[in-house]
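Worksheet: one structure, shown below.
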């Protein structure tokens with residue numbers, strides 16, 4: 001074989017399996033007639049992944065790849081609300097066109113749009129997998145959950161409603177003759193109350209894997225009925241409730257075949273009472289082969305936590321070969337304990353999925369790759385973090401997103417970014433020119449900034465962060481036209497080297513949108529730039 005082109009079609013099909021079909025199309029489709037045939041005439045099934053694209057690339061994919069091949073799409077991933085809106089404007093969802101659609105992933109979809117899509121998906125005979133994150137202004141929660149259960153062949157559901165506290169909604173108890181949901185895998189970062197979760201599980205008797213968060217708001221006092229889950233094998237719960245409430249919930253779950261139990265807990269030291277876990281496991285989960293407990297909390301003295309840790313060294317734990325390790329880190333006036341199960345693969349490493357550090361009313365919350373900093377109220381924080389000590393507690397090497405929900409000293413924010421070398425997304429509630437000191441951090445690709453940025457602020461920002469792909473911001477309205485004209489000229493000057501494809505103007509009222517359109521029309525760029533309003537954000541796309 002002397003040429004890459006001499007490889008068989010079958011080998012290229014295997015290569016395409018490892019590539020996003022849009023990437024494969026861009027690489028191969030215009031190489032020669034044979035490669036173009038592989039896309040437009042073959043029986044190849046498509047995995048479509050549309051991240052943030054330029055307007056031109058999006059139009060090309062839609063016209064030449066997606067439109068004539070909708071019946072070949074088996075999985076579809078839309079990475080942001082703007083892409084979601086544009087895609088379904090071009091291609092309304094119907095089962096006759098998307099005959100083979102089996103999997104759908106939607107990031108940051110509005111709840112109303114999700115409710116409408118779920119109604120349509122109920123007619124799709126092969127649709128088995130749904131993953132989505134839902135925007136915080138959540139309505140129709142009861143309708144959304146009921147629609148999930150109505151999907152006839154759905155097996156996998158990963159749905160997260162992005163909210164800091166549980167949203168109050170009630171699902172009525174299912175009727176005795178109610179058909180159980182087909183869902184077998186249910187994964188959610190939504191913060192359900194115990195009662196909400198129990199009402200969901202009463203409809204999912206076929207479930208085998210469950211991963212969720214549970215938080216108890218002050219107004220909930222209802223008891224939890226027994227939940228029979230005969231097929232449940234894996235259970236993972238992130239507990240934001242008292243240990244007693246967790247016990248009530250776990251005792252209510254009748255799952256004698258449960259094999260794996262993951263518990264994530266913060267702050268409440270009762271979760272380290274080994275004798276209570278022994279009793280619960282013995283009574284409720286006799287087939288359990290893996291117990292994975294992760295805990296993060298603060299203590300003032302060693303005498304407080306050492307007896308709790310020693311409780312996990314009894315014969316009960318030794319017989320099951322369940323081992324635990326811990327690490328202690330000083331932070332200001334207290335000691336933070338990280339406690340975790342270990343196995344042969346982790347050795348003695350204590351790598352927690354969730355770590356929460358409280359500091360003078362401030363809260364630093366690490367969940368997987370996302371760090372969120374907030375306060376208990378909306379007042380500006382006067383807390384000064386001990387960055388060097390935090391760097392020892394927080395798994396900085398895995399963080400890719402930093403969200404700051406309140407107004408913190410900019411020096412603290414810069415310090416947090418500097419100890420997290422892989423931050424790609426930054427969300428802030430204010431703006432300071434000191435942020436420009438992060439200009440050497442060229443891996444930052446997305447920023448969301450509130451704080452009424454001026455024309456000079458935007459100029460400096462674009463000069464400093466040349467690798468931004470998406471920018472959302474609030475601007476000083478007196479500078480709106482200046483900012484828009486600057487962005488247009490900046491984009492035109494960069495031409496094909498410009499990686500920024502989307503700018504969102506937050507808190508955009510109808511008058512602001514009209515002003516944006518007027519500038520675009522006056523400058524003669526109506527065919528090059530698209531302005532679209534989604535929720536309270538006006539997007540400029542090119």
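In the UniProt record's numbering, the protein residues as written are 1 to 542. Idealized CB from N, CA, C, for every residue including glycine.
Item                                                                                                                                                              : Value
Decide if residue 385 is buried, meaning its Cβ has at least 16 other Cβ atoms within 10 Å, or exposed.                                                           : buried
With a floor of 3 residues, list each beta strand (DSSP E) that falls wholly inside the region 21–101, ordered by position along the chain.                       : 46–50, 73–78
If you compare alpha carbons, which of 249, 108, 476, 91 is closest to residue 51?                                                                                : 108
Residue 212 to residue 88, Cα distance in whole Å?                                                                                                                : 30 Å
Do residue 262 and residue 242 have their C-beta atoms closer together than 8 Å?                                                                                  : no
Under 7 Å Cβ to Cβ from residue 69, same chain only, skipping five residues before and after it: list those, please.                                              : 46
If we count the other Cβ atoms within 10 Å of its Cβ and call it buried at 16 or more, is residue 219 buried or exposed?                                          : Low confidence applies here, because residue 219 scores a pLDDT of 47, under 50, leaving its location unreliable; read the following figure in that light. Under this definition residue 219 is an exposed residue.
Would the region 328–345 and the region 278–287 be scored as touching if the rule is three or more Cβ pairs under 8 Å?                                            : no
In three-state DSSP terms, what is residue 204?                                                                                                                   : coil
Among 140, 502, 388, 130, which residue has its Cα nearest to the Cα of residue 529?                                                                              : 502
Quick one: measure Cβ to Cβ for residue 225 and residue 255, integer angstroms, because I've assumed they're closer than 8 Å.                                     : That belief does not hold up - the Cβ atoms of residue 225 and residue 255 are roughly 15 Å apart, past 8 Å.
Does the region 143–156 come close enough to the region 94–101 to have 3 or more Cβ pairs within less than 8 Å?                                                   : no
My assumption, with CB atoms under 8 Å, is that residue 208 sits in contact with residue 188. Please give the rounded CB distance.                                : Between residue 188 and residue 208 the Cβ distance is about 15 Å, and since that is not below 8 Å, they are no contact.
Is the Cβ-Cβ distance between residue 350 and residue 360 less than 8 Å?                                                                                          : no
For residue 401 versus residue 423, is the C-beta distance shorter than 8 Å?                                                                                      : yes
Helix, strand or coil: how does DSSP classify residue 364 here?                                                                                                   : strand
Just to confirm, is the Cβ distance from residue 389 to residue 329 under 8 Å?                                                                                    : yes
Looking at the secondary structure, which residues open and close the beta strand (DSSP E) in which residue 161 lies?                                             : 156–161
Is the beta carbon of residue 194 sitting closer than 8 Å to the one on residue 146?                                                                              : no
Find out if the Cβ-Cβ distance for the pair residue 446, residue 486 is shorter than 8 Å.                                                                         : no
Quick check on the DSSP output: the alpha helix (DSSP H) that includes residue 494 runs from which residue to which?                                              : 480–494
Take the Cβ of residue 305 as the centre, count every other Cβ of all protein chains shown within 10 Å, and call the residue buried at 16 or more, exposed below. : buried
Would you please state the rounded distance, in angstroms, between the beta carbons of residue 203 and residue 174? I believe it to be under 8 Å.                 : 5 Å
Taking the beta carbon of residue 531 as the centre, do at least 16 other beta carbons fall within 10 Å, making it buried, or is it exposed?                      : buried
Tell me which residue opens and which closes the beta strand (DSSP E) that residue 127 is part of.                                                                : From DSSP, residue 127 is part of no beta strand (DSSP E); its letter is neither H nor E.
Residues bridged to residue 187 by DSSP?                                                                                                                          : 158, 211
Residue 538 bridges to which residues according to DSSP?                                                                                                          : 505, 533
Per DSSP, residue 297 is paired with what?                                                                                                                        : 337
Look at the Cβ atom of residue 84, then the Cβ atom of residue 106, and state whether they are nearer than 8 Å.                                                   : yes
Residues in the same chain with beta-carbon distance under 8 Å from residue 515, minus the five sequence neighbours each way, listed in chain order, please.      : 480, 481
Can you give me the C-alpha to C-alpha distance between residue 59 and residue 81, rounded to a whole angstrom?                                                   : 17 Å
Ignoring anything shorter than 4 residues or poking outside the region 229–282, list the alpha helix (DSSP H) runs there in chain order.                          : 243–252
Rounded to whole angstroms, what is the Cα-Cα separation between residue 323 and residue 294?                                                                     : 12 Å
DSSP on residue 422, reduced to helix/strand/coil?                                                                                                                : coil
Taking DSSP's pairing of strands, which residues face residue 327 in a bridge?                                                                                    : 338
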